[in-house]
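Following: one structure in structure tokens, then a few remarks.
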Amino acid sequence: MIEKPSIGVGLGLRREISLNLVQELPQSLDCLEVAPENYLGTGGKFWRQLCALGERYPILFHGISLTSLGTLEDFDWDLLKQAKKLADQFNSPWMSDHLCYSSVKGFQFHDLLPLPFTEEAIKHVVPKIKTLQDFFEKPFAIENISYYAHPGKAEMSEWEFVARIAELADCALLLDVNNIYVNSVNHRFEAKAYIDALPLERVLQVHVAGHRVMEDFLLDTHGASVIDPVWDLLSYLATKTSLPAVIVERDNNLPDLQELIKEVEIAKKVIRQANDHKTN
Amino acid sequence: MTTKLINNDLKSVEDFWYQVCFNPQFKPEGRFSVYRDLTFNCMGEVLENICPVTRSLFKKDQWEALLWEYLSQSPPRLAILRELPGEAAAFFKKGKFTLKEDYPYLGELMEYEYAEVKVRFAPEDEEKTPPDKIRLNPAHFLGNYRWPVHFISSSLYQKQKLPEGSYHLLLWRHPHSLKIEFMEVSPLVKALIGLLSNPQRPEVLLETLAKDLKLSKKDKEPFLEQGKALIETWKQKALLV
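Protein sequence lines, in the order shown, are assigned to chains A and B. Quick note: to get my numbering, add 24 to the position in the first sequence (first position is 1). Quick note: to get my numbering, add 61 to the position in the second sequence (first position is 1).
If you want it as structure tokens, here you go:
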């Protein structure tokens, strides 16, 4: 049984906004999500800003290149040890990373590439996630990624793949509803059916973000405002389960902080309305 | 190898993704090409942002060809994205790239540009120096170069204009203002800095150096005076802490 603390709605911390955050400490912000890779073994301006923000907000650590769950290589244990130290220092309630390849053969993609949805991949990643949970001594959440092409023949749907891994590894979920939306358009499935198929009691964290419309597909850019169908998915998810933390992700084309805070407030409103609907 | 032939076993999928992202001869089909663009653009942007002078020396197609040489021969191993330019600089310093005759200083220039990021993000200095001693600010970088990379810009890049020699470039971060300072140092100063990684009493340090240099009694006194003044200046600049 995964405990679900109530943390609230926050932003992904980017260097471009961290000084403004330190100066303004917005009231409507409940937490911040931080990529540990950006701060491991660092000092200086951005480190000091993170420390100041950590005094005010809960910090949720979310890996990008930390674990590469898909790769056949062993973890980079030095990196993981540093990340654990950082997460413990800031008392991160859980750790998370993407269900994907961020490296193969020890070489880094600096991007997130999809695993094949196969029995072999499930057997491969489940023990790795268990190892991570034991190592971090806190819940570990896997995030569903956006993907544009599946490598080889899929043996199951993406949602079945994610659900089975979460159940077998007994881990938490970080659900990115923008990724579900992007994938539902690119691969033609019903986004709400995806959500319905997941073990939602495992959801500890949610991402909402924007994407870019390309000629014949959607590209997950984190470079635009969240669109209504993605807010609708957040609302739908909130009617189904409690959401301990929701993060508005914006990595590119960053607007000013006020605009980002507006999106945080929209997320709060969407969740509040969904909860009201649930109660009634 | 084409997309249609991918097997879905994990070994084959790893091989496939490696080819997509690091083999310029491999042509990914359909939306698999999105991954090549995403990884290549992400890494290219980081290199361009951290090494703008290096980037300014090349036309777009030259720059992309250089990146492919680097990525295909020496794919990145470090998980920290901001450390990518350090890996790329190490590759170009080995000189195994097509344009090495025209740009022999490429790796050194890239490393010098990356040094600023390295110093900016250097860990906090947790150590306390005893009051009667001095030590080098650990948030520093000392680059030793054959080329005067600190003078290179997009308008001055032909190798014939660059005097080959021995250049020692020092960058450090002020612990309070966090400003990055720069200084070109002489071989003597470089030697002095080399003695300062552990806390030292200044007078002992200067005596040691005078002895190493086998200075005469006549030369020793002004050396010690000048050395003391230099150390005082460096303390004010927070090169010494």
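Heads up, the beta-carbon is just placed ideally off N, CA and C, and yes, glycines get one too.
Can you tell me which residues form a DSSP beta bridge with residue i?
i	result
D273(B)	None; D273(B) has no bridge partner.
V272(A)	L35(A) and V232(A)
F141(A)	Its beta-bridge partners do not exist; DSSP assigns none.
V227(A)	L197(A)
W318(B)	Residue 318(B) is absent from the structure shown; chain B starts at 62 and stops at 302.
F158(B)	According to DSSP, F158(B) bridges with nothing at all.
I292(B)	In the DSSP output, where bridge partners are listed per residue, I292(B) has none listed.
D121(A)	I166(A)
S127(A)	Q132(A)
Q261(B)	I195(B)
Y228(B)	Y206(B)
L242(A)	V237(A)
Can you tell me whether residue i is helix, strand or coil according to DSSP?
i	result
P104(B)	First, the amino acid is wrong: residue 104(B) is Met here, not Pro. Three-state result, M104(B): helix.
N203(A)	helix
S259(A)	helix
H86(A)	strand
L49(A)	coil
D100(A)	coil
V294(A)	helix
V250(A)	coil
V302(B)	coil
E268(B)	helix
D135(A)	strand
C82(B)	helix
E57(A)	strand
Y175(B)	helix
L43(A)	helix
L64(A)	coil
E79(A)	helix
H174(A)	coil
H148(A)	helix
E179(A)	coil
S133(B)	helix
S266(A)	coil
How would you call residue i, buried or exposed, if buried means at least 16 neighbouring beta carbons within 10 angstroms?
i	result
W183(A)	buried
S214(B)	exposed
T245(A)	buried
N210(A)	buried
K108(A)	buried
A290(B)	exposed
L96(A)	exposed
I292(B)	buried
R39(A)	exposed
S42(A)	buried
K298(B)	exposed
E187(B)	exposed
N203(A)	buried
D100(A)	buried
What do you reckon, are the CB atoms on residue i and residue j nearer than 9 Å?
i	j	result
D121(A)	C103(B)	no
G65(A)	P137(B)	no
P146(B)	L108(B)	yes
L197(B)	M244(B)	no
L170(B)	T115(B)	yes
D194(A)	S170(A)	no
W78(B)	V128(A)	yes
L257(B)	A271(B)	no
N62(A)	L281(A)	no
D70(B)	P140(A)	yes
H229(B)	V210(B)	no
R262(B)	D163(B)	no
E57(A)	L37(A)	yes
E320(A)	S52(A)	This structure leaves residue 320(A) out entirely; chain A is present only between 25 and 304.
Y81(A)	D112(A)	no
Distance, Cα to Cα, residue i vs residue j?
i	j	result
P29(A)	W208(B)	57 Å
P89(B)	V33(A)	39 Å
A165(A)	C82(B)	27 Å
Q297(A)	T263(A)	9 Å
K152(A)	L93(A)	7 Å
D240(A)	Y172(A)	11 Å
S305(A)	K154(A)	This structure gives no information on residue 305(A), because the portion of chain A shown stretches from 25 to 304.
P248(B)	N110(B)	31 Å
L35(A)	F114(A)	16 Å
L276(B)	V302(B)	28 Å
S133(B)	R97(B)	12 Å
L90(A)	M25(A)	25 Å
Y131(B)	E242(B)	30 Å
Beta carbon of residue i: closer than 8 Å to some heavy atom of the ligand ATP?
i	result
K88(B)	As presented, the structure is devoid of all ligands, the ligand ATP included, so that no description of it is given.
Residues from the region 132-150 of chain A in contact with chain D, defined by Cβ distance under 8 Å: Protein chains in the displayed structure are A and B, and chain D is not among them.
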